[in-house]
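**Q** Heads up: the sequence shown begins at 24 in our numbering, then just goes up one per residue. For glycine and all other residues, C-beta sits at the position ideal for the given N, C-alpha and C. My questions all concern the structure below.
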Amino acid sequence: MGELDGKVAVITGAGSGIGRAAVDVFAAAGATVVAVDLDPVGAEAAAAAVGGVAVAGSVADPATWDAVLEAAAAHGGPHVAYLNAGVYGWQDAIEELPLDLYQRTVDTNVSGVVLGVRALVPAMRALGGGAIVATASVAGIVAFSPNPLYTMTKYAVTGFVQAMAPRLTVDGITIDAVCPSVVDTPMTTEALKGGSAADLGIPMISPTRIAETALRLATTDGTGRCVAIIDGVADIEWRFPDFVDLLKAAPQPDA
């Protein structure tokens, strides 16, 4: 039996990259997949490949989440959600940042997670619990100076996950984050502006590895976990400092 037999899994950004890999991985674990993507063709193709259901729309639009909940409820869910949709942001001079791109980056990377959790929690609570995983980034653990906007949004995700985790425990809902480094996806190709990661000596991770880690987090005990995924090393469950750590770091008065 698969870890998700009889369960309904919602996956955003399902049309390509990590999300498309997750559709296959979660379906192989037994889930009925609700594949969500801004691109209707991508959503339909992903859903059709695993006998799932497609929902096309922006994750920053509450109406999309209404449609997601309707699709999931028709199959008895949602039990699991992987909030993966994301965009890369802006690498050039901050004063040249297009305002529409800024808004789209925040909408997709931050609002897509917040509105997803907002919609999913009541539905999961009614089912007695559930599991949510979000895609953050290593840039949500260590600042990535080539792209401060992306870094900001991914720190928002890791912070949100850690702050939400204890609040959802009473409902039997877990929330965790995967934090990949460079992944072999269309977004990475876009970020390299047509360059080759291999030519630049940049090691890339398979999207399937990220999807498998997301599945592990969704199906094992724990919450508030932020797991860094870096080529060539085992997954790293990163522990952010807490308030006690902060106080311990304060300069001590001279004796």
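Could you check whether the Cβ of G40 sits closer than 7 Å to any heavy atom belonging to the ligand ZN?
**A** Because no ligand of any kind appears in the structure shown, any question about the ligand ZN cannot be addressed here.
**Q** I need the straight-line Cα distance from I233 to D199, nearest angstrom please.
**A** To locate residue 233, count along the sequence shown from 1; it is residue 210. To locate residue 199, count along the sequence shown from 1; it is residue 176. Each residue's alpha carbon lies about 13 Å from the other.
**Q** Please report the straight-line C-alpha distance between S204 and H98, rounded to a whole angstrom.
**A** The sequence position of residue 204 within the sequence shown is 181, counting from 1. The sequence position of residue 98 within the sequence shown is 75, counting from 1. Their Cα atoms are separated by approximately 34 Å.
**Q** Between the Cα of G152 and the Cα atoms of G195, I117, V250, F183, which residue gives the shortest distance?
**A** For this step, residue 152 is matched to residue 129 along the sequence shown. Of the listed residues, the one whose Cα sits closest to G152 is G195.
**Q** Taking the continuous beta strand (DSSP E) assigned at V31, which residues delimit it?
**A** By 1-based counting over the sequence shown, the position of residue 31 is 8. Where V31 is concerned, the enclosing beta strand (DSSP E) stretches over 31–35.
**Q** How about T35 and V73: are their beta carbons less than 8 Å apart?
**A** Locating residue 35 in the sequence shown gives position 12, counting from the first residue. Locating residue 73 in the sequence shown gives position 50, counting from the first residue. Taking 8 Å as the Cβ cut-off, T35 and V73 do not qualify as a contacting pair.
**Q** Secondary structure at P63, three-state DSSP: helix, strand or coil?
**A** Residue mapping note: residue 63 aligns to position 40 of the sequence shown, counting from 1. Correct three-state label for P63: helix.
**Q** Taking three-plus beta-carbon pairs below 8 Å as touching, is the stretch 152–168 in contact with the stretch 104–123?
**A** Yes, the stretch 152–168 touches the stretch 104–123.
**Q** Count the other CB atoms within 10 Å of the CB of K30; is the residue buried (16 or more) or exposed (fewer)?
**A** Residue numbering aside, residue 30 sits at position 7 when the sequence shown is read from its first letter. K30 is buried by the Cβ-count criterion.
**Q** CB F183 to CB V137, shorter than 8 Å?
**A** Translated into the one-based positions of the sequence shown, residue 183 becomes position 160. Translated into the one-based positions of the sequence shown, residue 137 becomes position 114. Closer than 8 Å, so yes.
**Q** Classify Q114: buried if its beta carbon has 16 or more other beta carbons within 10 angstroms, exposed otherwise.
**A** Against the sequence shown, residue 114 aligns to sequence position 91. It is exposed - the Cβ of Q114 has fewer than 16 other Cβ atoms within 10 Å.
**Q** Which residue or residues does DSSP assign as beta-bridge partners of P203?
**A** If you number the sequence shown from 1, residue 203 lands on position 180. Per DSSP, I252.
**Q** Since A157 sits in a beta bridge, which residues does DSSP pair it with?
**A** Start at 1 with the first residue of the sequence shown, and residue 157 comes out as number 134. BP columns for A157 point to L106, A200.
**Q** Compute the Euclidean distance between the alpha carbons of T20 and G25, then round it to the nearest angstrom.
**A** Shown here, the chain extends from 24 to 278; a query on residue 20 therefore has no answer.
**Q** Going straight from the alpha carbon of V180 to that of G139, what length do you get?
**A** Position 157 of the sequence shown, counting from 1, holds the residue named residue 180. Position 116 of the sequence shown, counting from 1, holds the residue named residue 139. If I take the Cα positions, the gap works out to 12 Å.
**Q** Helix, strand or coil for T181 per DSSP?
**A** Position 158 of the sequence shown, counting from 1, holds the residue named residue 181. Note: T181 maps to helix in three-state DSSP.
**Q** Under 8 Å Cβ to Cβ from N170, same chain only, skipping five residues before and after it: list those, please.
**A** Counted from its first residue, the sequence shown places residue 170 at position 147. Hits under 8 Å: Y111, G112, W113, Q114, A162, A214.
**Q** How about the stretch 67–87 and the stretch 47–54: do they share at least three Cβ pairs that are nearer than 8 Å?
**A** The answer is yes - the stretch 47–54 touches the stretch 67–87, with three or more Cβ pairs under 8 Å.
**Q** From what residue to what residue does the beta strand (DSSP E) around W88 run?
**A** By 1-based counting over the sequence shown, the position of residue 88 is 65. Element bounds for W88: not the beta strand (DSSP E) but the alpha helix (DSSP H), 85–96.
**Q** Could you check which residue in L61, G100, Q126, T87 has the C-alpha nearest to that of L150?
**A** The residue you call residue 150 lines up with position 127 of the sequence shown. Selected option, being the one with the closest Cα: G100.
**Q** So A142 packs on L92, CB below 8 Å; how close in whole Å?
**A** Taking the first residue of the sequence shown as 1, we reach residue 142 at position 119. Taking the first residue of the sequence shown as 1, we reach residue 92 at position 69. About 6 Å separates the two Cβ atoms, so the contact holds.
**Q** Are the CB atoms of A83 and D279 within a distance shorter than 8 Å?
**A** The first residue shown for the chain is 24 and the last is 278, placing residue 279 beyond what the model contains.
**Q** Label A272 either buried or exposed according to how many other C-beta atoms from any shown protein chain fall within 10 Å of its C-beta, with 16 as the threshold for buried.
**A** Within the sequence shown, residue 272 is the residue found at index 249, counting from 1. By the 10 Å Cβ count, A272 comes out exposed.
**Q** Where do the ends of the alpha helix (DSSP H) carrying E235 lie?
**A** In the sequence shown, residue 235 corresponds to position 212, counting from 1. Unbroken alpha helix (DSSP H) run through E235: 230–242.
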